[in-house]
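Protein chains in written order, with the working numbering: chain A, 4 to 290; chain B, 2 to 299.
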């Protein structure tokens, strides 16, 4: 008990715990769509692209959240539009655009070396540096995302499972894809300070992939994913405190441990690999 | 059905190289050219909610496609109420595109589509049940048979509203109608192809459609299952539902469909199965090197 309570004497630890809970929850709920719709590469790519937005905002002395948010949302919507009209595969488009945006971020950052320390928090995450204002922003954005997901629950379910029939019955499938991309962009921005650009994809994918192995129903999958996400955030943070390792990395490693545990315990006994291969084969033939 | 033979030459035109058919002949003249199908007078027929109009579907000079390329080129045909229509053609001939155009999923570049006399609209969508091509569905999705069938109520519910107990009861009734009640809690991906098709038909049925559009409903299922699916569709037809199904399997065409549309970007032929299933039409539709005799067992 003492091991759990004593770190809370530090204000930074209390803030970090609140942030880990919020971020673990929102990432793992949005992550359900990321996993089921094969959007993990988009998630990873958007996280990298956001770096350019953050560096530009930094250079312009603009708010980092707002700068990163605008840039990431625009990139996400741009990708949605390009993939809809272009005949180049979505993966290729993402590979080209997002590495370019990341390279732009690195180029700008290397040009202004004295800012490097602060910006590195965004690369690898530093949840212990989160202040009161960050918490408020994270809480507000998380609440907004959860409200949208709750309101559009059945439409997002239908459009993700069977986009053609959903469209035929009047669900605005294309608009929902853009909504989901925007939600993904906001989720990534919310999580960057805690997990960092490189690891945020794991927060999106791992809890949902864990839940996927434990249930064959959508609602329970979302619930289990959220529990795994929040628990990984909290447990990972304590591990980070006691073993003196980077918080983002330790949260991701705890989530990964959950994933392997679920793989062993899975009633479905199917490996993630098979599932992902199946999903990829059937994926996005929306046209 | 014998009287339809007098119109044979209107229905069946083999014209891959012929000048374009006169536009507008189908829906403008349709009431005069086409007669009502015998089933249209069935006691169950003509439900009250359907607006008055002679044709279930009137496609007139439609061009449509993706990325500026037309997949459908001046397609015109009319489907009467209560008819069971088969659309045949090779892969990439525009069969799926045609269904999407009828369902209002894809805008037309030229021409017009009328479903029960109306242009595409949310009201018209509620009259249509759509069963998609199997590969457009994410089969690894964590949803059960009941979850899937319940999705059939979503369109009518509209945004933000959750399905009620009545909707759940309707879903269970539709599941029973297609004989899948023993699989209600099974995950959709664990079912066989034929069972999945029946579940998708059940989902379309929940919304009580007047028109069913099925994209390759018998692709990759065995002969017994094909028979079961067609028997189910035949029952729906007898209740007055108009049905359009695409297929590239010709073995079922003569037995089940009232009329067959041979499609290869444009209409190659449209008429009763025995009129369309000639070696001439089929080589014009599928290319000369393919099937010559459609009655050969598959």
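Where a beta carbon is used, it is the ideal one built from N, C-alpha and C, also for glycine.
Item checked: Top-ranked residue by Cα proximity to residue 204 (chain B), from B:242, B:153 and B:187 -> For the purposes of this step, residue 204 (chain B) is taken as the residue at position 203 of the second chain. Closest by alpha carbon: B:153.
Margin query: Buried or exposed for residue 13 (chain A), going by 16 or more other Cβ atoms inside 10 Å?
Written below: Reading the first chain from its first residue, position 10 is the one you call residue 13 (chain A). Residue 13 (chain A) is exposed by the Cβ-count criterion.
Check: Nearest-angstrom Cα distance between residue 36 (chain A) and residue 42 (chain A)?
Finding: What you label residue 36 (chain A) is simply residue 33 of the first chain in a count that begins at 1. What you label residue 42 (chain A) is simply residue 39 of the first chain in a count that begins at 1. Approximately 8 angstroms between the Cα atoms of the pair.
Checklist line | Alpha-carbon to alpha-carbon, residue 148 (chain B) and residue 173 (chain B) | finding: Here residue 173 (chain B) refers to the residue found at position 172 of the second chain. Here residue 148 (chain B) refers to the residue found at position 147 of the second chain. Answer to the nearest angstrom: the Cα atoms are 10 angstroms apart.
Notebook entry, point to check: Relative to chain A, which residues along the region 58-90 of chain B have a C-beta separation below 9 angstroms, given in chain order?
Noted result: 67 and 68
Notebook entry, point to check: When Cβ atoms are compared, which residues of the region 116-145 of chain B fall closer than 7 angstroms to chain A?
Noted result: 123, 126, 129, 131, 133, 136, 137, 138, 139, 140, 141, 142, 143, 144 and 145
Notebook entry, point to check: Among B:96, B:101 and B:69, which has the Cα closest to the Cα of residue 88 (chain A)?
Noted result: As a first step, residue 88 (chain A) must be located in the first chain, where it is residue number 85. Taking only the C-alpha atoms, the option nearest residue 88 (chain A) is B:69.
Checklist line | Ranges of the alpha helix (DSSP H) found wholly within the region 135-162 of chain B, counting only runs of at least 4 | finding: 146-151 and 155-158
Notebook entry, point to check: For residue 213 (chain B), which beta-bridge partners are listed by DSSP?
Noted result: Mapped onto the second chain, residue 213 (chain B) falls at position 212. Bridge partners of residue 213 (chain B): B:130 and B:244.
Check: Does residue 135 (chain A) get closer than 8 angstroms to chain B when you measure Cβ to Cβ?
Finding: Reading the first chain from its first residue, position 132 is the one you call residue 135 (chain A). Judged by the 8 angstroms Cβ criterion, residue 135 (chain A) is not in contact with chain B.
Notebook entry, point to check: Using 8 angstroms as the Cβ pair cut-off and three pairs as the minimum, do the region 239-258 of chain B and the region 184-191 of chain B touch?
Noted result: no
Notebook entry, point to check: By how many angstroms is the C-alpha of residue 150 (chain A) removed from the C-alpha of residue 93 (chain A)?
Noted result: Position 90 of the first chain, counting from 1, holds the residue named residue 93 (chain A). Position 147 of the first chain, counting from 1, holds the residue named residue 150 (chain A). Looking at the two C-alpha atoms, the distance is approximately 28 angstroms.
Next item on the list: Return no unless some Cβ of chain A is closer than 8 angstroms to the Cβ of residue 36 (chain B).
Entry: Working through the second chain from its first residue, we reach residue 36 (chain B) at position 35. Its pLDDT being 36, under 50, residue 36 (chain B) is placed unreliably in this model, and the value from its coordinates should be taken loosely. No, no contact with chain A.
Item checked: Span of the alpha helix (DSSP H) around residue 244 (chain A) -> On the first chain, residue 244 (chain A) is found 241 positions in, with the first residue counted as 1. Here the alpha helix (DSSP H) through residue 244 (chain A) covers 221-246.
Check: For the alpha helix (DSSP H) that contains residue 204 (chain B), what are its first and last residues?
Finding: Counting from 1 along the second chain, the entry for residue 204 (chain B) is found at position 203. First-last of the alpha helix (DSSP H) with residue 204 (chain B): 194-207.
Item checked: Close beta carbons around residue 105 (chain A), own chain, < 6 angstroms, minus the five adjacent residues each side -> By 1-based counting over the first chain, the position of residue 105 (chain A) is 102. Once the five neighbours on either side are set aside, the close Cβ partners of residue 105 (chain A) are 51 and 54.
Item checked: Under 7 angstroms by beta carbon: chain B residues contacting residue 10 (chain A) -> On the first chain, residue 10 (chain A) is found 7 positions in, with the first residue counted as 1. Per Cβ cutoff of 7 angstroms: no residues; residue 10 (chain A) is ~37 angstroms from chain B at best.
Next item on the list: Could you list the residues in the region 62-76 of chain A with a C-beta less than 8 angstroms from some C-beta on chain B, going in chain order?
Entry: none
Notebook entry, point to check: Comparing the CB of residue 266 (chain B) with every heavy atom of the ligand FAD, is any distance shorter than 7 angstroms?
Noted result: In terms of ligand content, the structure shown is empty, and the ligand FAD therefore cannot be addressed.
Next item on the list: Could you tell me which chain B residues have their CB closer than 8 angstroms to the CB of residue 221 (chain A), listed as they occur along the chain?
Entry: The sequence position of residue 221 (chain A) within the first chain is 218, counting from 1. Those are 142, 143, 144 and 148, listed as they occur along chain B.
Checklist line | Nearest candidate by alpha-carbon position, reference residue 90 (chain B), set B:223, B:236, B:216 and B:235 | finding: Within the second chain, the letter at position 89 stands for residue 90 (chain B). When only C-alpha atoms are compared, the closest one is B:216.
Notebook entry, point to check: Considering only C-alpha positions, which residue in the set A:267, A:219 and A:135 is nearest to residue 21 (chain A)?
Noted result: As a working note, residue 21 (chain A) is residue 18 in the first chain. Ranking the options by Cα distance to residue 21 (chain A), first place goes to A:135.
Notebook entry, point to check: Do residue 159 (chain A) and residue 144 (chain A) have their C-beta atoms closer together than 8 angstroms?
Noted result: The residue you call residue 159 (chain A) lines up with position 156 of the first chain. The residue you call residue 144 (chain A) lines up with position 141 of the first chain. No. Outside cutoff.
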